Amino acid sequence: MHDHLPPTPALKPDMSAELWNSAVRVLETNWAGDHMVPSRRLYPHQWSWDAAFIAIGLAYVNPTRAWRDLRSLFEAQWPDGRVPHIVFDPATAEADYFPGPAFWDVPAYGNRAARGSTGIVQPPMHAIAAWEVYRHAAAHGANCAQEARTELEWLYPRLVAQQRYLTTDRNLGRGGLASIVHPWESGLDNSPAWDEAMANVPADLALLSQYRRRDLDVSDAAHRPTDLDYSRYVGLVVSYRAEGYADAGLLDRHAFAVECPAFNSILASAELALAQIAGELGRTAEAATHRHRAAQITAAIIRRLWNEETGTFHALDVHTGKLTPANCVSGLLPLMLPDLPADLVQAIMNEMRSNRFGLPVPSYDRTAPDFDTMRYWRGPVWINVNWLVRRGLLMHGFRDEAEDLRTAMVRLVHRNGHFEYFHPTTGEGLGAPTFSWTAALSLDLLADRSVPAYAKAG
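Structure, rendered in structure tokens:
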């Protein structure tokens with residue numbers, strides 16, 4: 001018997017209208033002038049991969065804002081191409097969020113003032129978002145189509161620079177994949193996928209005396225990472241910050257470097273989206289190059305992160321060369337890759353259909369002894385990850401399961417609200433309420449059932 005949310009019947013039109021209207025209200029509430037905040041209380045700045053997911057849904061109701069959100073993020077891009085995981089709002093007080101601008105202490109760069117961003121990254125969802133926003137905005141009429149073309153041309157070289165940074169400076173394992181150097185870079189912050197690698201990171205709880213957590217002031221401690229985890233997170237930032245966030249020689253001085261299957265699947269998918277964008281902009285040669293890079297990253301994911309014994313993908317600790325034993329949702333996301341061999345597609349589907357996961361997909365193996373229904377990425381259901389899983393299902397022709405998942409996600413949010421994440425058994429909303437990417441992706445789930453274009457790319 002699967003211990004997860006029950007199958008859901010078809011959606012009623014009035015339910016869809018209610019959800020659409022409530023999602024629009026969330027996005028209106030969280031707009032901050034030139035960017036969207038994930039949630040007013042807990043996340044008062046601009047987050048990188050949030051901006052990508054948000055833009056995808058926002059394009060249906062306000063394409064100008066969708067473009068503005070992406071543009072304001074990329075205006076904070078570093079000269080080396082990295083896109084910071086947080087762009088700080090100078091109107092927000094240091095005391096209102098930790099770790100804030102003073103803690104990160106990023107030097108001035110380009111025309112940006114010092115302390116304007118963090119020094120780490122998040123999954124490069126932005127090329128996928130730019131293509132989706134372009135596709136949706138073009139349907140709004142001639143004026144929106146022209147704006148979309150202008151924005152796409154502005155973003156394209158910046159997206160290319162982002163990919164170049166991740167595939168070169170962050171190829172720490174020299175195997176063709178990007179390494180994350182902090183769990184926060186994965187977007188799956190406290191996933192069990194990092195437990196073994198994090199066990200080798202010094203934990204100095206005294207850091208939490210020096211730097212006080214703010215998340216526990218506005219959210220339940222049972223839902224958030226532990227103090228032990230948090231002390232390691234802070235310590236890793238201190239380590240990376242010490243050399244000005246430089247990546248040269250990083251493996252020799254930094255305790256955490258991991259190749260994540262989700263991050264790298266998004267990296268490869270971004271190349272495929274860039275191929276679509278380049279084609280639209282008349283850059284045929286560049287389009288072919290992007291497709292070639294996507295194929296190279298896909299091959300490296302298979303070569304380095306596939307575990308024949310478990311029949312799924314796992315994170316790789318670059319320091320030890322070992323795959324993590326944890327079965328996490330990140331191991332299912334290579335389903336997004338159109339070139340994944342059929343036997344590996346089937347293996348992922350077997351894993352997804354097993355008692356360990358099921359739809360909607362939880363963030364961690366339901367049968368694991370440390371599965372936690374409440375704590376962030378150690379059990380709960382997240383809409384953004386399930387949105388990516390659905391993309392993979394569509395990519396490989398699993399239309400019925402993709403539609404079942406779409407219906408389940410829409411019903412989950414309609415019933416429980418636009419929460420950050422959800423209890424994997426009861427569906428109760430957890431974490432921050434009025435959460436932007438949950439609202440934005442709800443709009444996309446209601447509006448678009450098409451297969452990603454590059455499923456058919458040559």
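All letters in the sequence shown, in the order written, are residues 1 to 458 by this note's numbering. All C-beta atoms, glycine included, are put in the ideal place defined by N, C-alpha and C. As the structure is a computational prediction, the values presented were derived from the model and not from experiment.
Taking the continuous alpha helix (DSSP H) assigned at ASN327, which residues delimit it?
First-last for ASN327: undefined, no H or E at that position.
Would you check if the distance between the CB atom of ASP69 and the CB atom of HIS35 is smaller than 8 Å?
Cβ atoms of ASP69 and HIS35: closer than 8 Å.
So SER22 is in the alpha helix (DSSP H); what residue range does that whole segment cover?
Element bounds for SER22: 13–29.
Along the alpha helix (DSSP H) that carries SER72, what are the first and last residues, could you check?
Note, SER72: alpha helix (DSSP H), 63–74.
Taking the alpha-carbon positions, what's the ASP50 to TRP31 distance?
ASP50 and TRP31: Cα-Cα distance of roughly 13 Å.
So, for SER442: in the same chain, excluding its five sequence neighbours on each side, which residues have a beta-carbon less than 6 Å away from its beta-carbon?
Cβ within range, chain order: LEU19, ALA23, VAL413.
So, is PRO460 buried or exposed, given that buried needs 16 or more other C-beta atoms within 10 angstroms?
As shown, the chain starts at 1 and ends at 458. That puts residue 460 outside it, with no answer to give.
Please state if the CB of GLU259 and the CB of GLY173 are separated by a distance shorter than 8 Å.
Yes, they are a contact pair.
Is GLU196 helix, strand or coil by DSSP?
It is helical.
Measuring only the C-alpha atoms, how far is ARG399 from ALA270?
For ARG399 and ALA270, the distance between alpha carbons rounds to 23 Å.
If you run the structure through DSSP and keep just helix, strand and coil, what is ASN143?
In this structure, ASN143 counts as helix in the three-state DSSP scheme.
Which residues bound the alpha helix (DSSP H) around TRP49?
48–58 is the extent of the alpha helix (DSSP H) around TRP49.
My guess is that PHE88 and PRO101 are in contact by the Cβ rule of under 8 Å, so how many angstroms apart are they, rounded?
Their Cβ separation, rounded to whole angstroms, is 5 Å, which keeps PHE88 and PRO101 in contact under 8 Å.
Measuring only the C-alpha atoms, how far is ALA402 from TYR109?
Going from the Cα of ALA402 to the Cα of TYR109 covers about 43 Å.
Residues in the same chain with beta-carbon distance under 7 Å from ARG390, minus the five sequence neighbours each way, listed in chain order, please.
If we look at ARG390 and ignore the five residues flanking it on each side, its Cβ neighbours are ALA402, LEU405, ARG406.
Pick from HIS418, LEU281, HIS290: whose alpha carbon is nearest that of GLU153?
Measuring from the Cα of GLU153, the nearest candidate turns out to be LEU281.
Does the beta-carbon distance from GLY175 to ALA300 come in below 8 Å?
Yes, the Cβ-Cβ distance between GLY175 and ALA300 is below 8 Å.
Excluding five sequence neighbours on each side, which residues of the same chain lie with their C-beta closer than 6 Å to the C-beta of ALA453?
Here the set comprises GLN276.
Does the count of Cβ pairs from the segment 180–198 and the segment 229–247 closer than 8 Å reach three?
Taking 8 Å as the limit for Cβ pairs, the verdict is that the segment 229–247 does touch the segment 180–198.
Thinking just about the alpha-carbon of each residue, which of THR367, PRO13, ALA295 is nearest to the one in LEU267?
Cα-wise, what sits closest to LEU267 is ALA295.
What three-state label does DSSP hand VAL451 in the structure shown?
Correct three-state label for VAL451: coil.
Jot down the residue ranges of each uninterrupted alpha helix (DSSP H) in the segment 389–441, minimum 4 residues, whole runs only, in chain order.
Within the segment 389–441, the complete alpha helix (DSSP H) runs of at least 4 residues are 399–416.
Please classify ALA114: is it buried, with 16 or more other beta-carbons within 10 angstroms of its beta-carbon, or exposed?
Exposed.
Where does TRP382 fall in DSSP's three states?
Coil.
Can at least three beta-carbon pairs, one atom from the segment 419–439 and one from the segment 308–315, be found at a separation below 8 Å?
The segment 419–439, when compared against the segment 308–315, does not touch it at the 8 Å Cβ threshold.
What does DSSP give as the partner residue(s) for GLU259 in the beta ladder?
Beta-bridge pairing links GLU259 to LEU316.
Please classify SER186: does DSSP put it in a helix, a strand, or coil?
Note: SER186 maps to helix in three-state DSSP.
Quick one: what's got a C-beta closer than 6 Å to TYR245's C-beta in the same chain, skipping five residues either side?
Same-chain partners within the cutoff: GLY119.
Whole angstroms is fine: what's the gap from ASP96's alpha carbon to PRO334's?
Taking the straight line joining both Cα atoms gives about 37 Å.
Should LEU73 and LEU27 be called a contact, given that it needs their Cβ atoms to be closer than 8 Å?
No, they are not a contact pair.
Using DSSP with H/G/I as helix, E/B as strand and the rest coil, what is MET125?
Correct three-state label for MET125: coil.
Round the Cβ separation of GLY116 and ALA76 to the nearest angstrom and send it over; I've been treating them as touching at under 8 Å.
The pair is a contact, with the Cβ atoms about 6 Å apart (cut-off 8 Å).
DSSP three-state call for TYR240: helix, strand or coil?
TYR240: helix per DSSP, three-state reduction.
Have a look at THR298, PRO341, SER265, THR320 and flag the residue whose alpha-carbon is nearest the alpha-carbon of ALA199.
That would be THR320, whose Cα lies nearest to the Cα of ALA199.
Please report the straight-line C-alpha distance between TRP306 and PRO261, rounded to a whole angstrom.
Each residue's Cα considered, the two are about 9 Å apart.
Are the beta-carbon atoms of LEU337 and SER265 separated by less than 8 Å?
In this structure, SER265 lies closer than 8 Å to LEU337 by Cβ.
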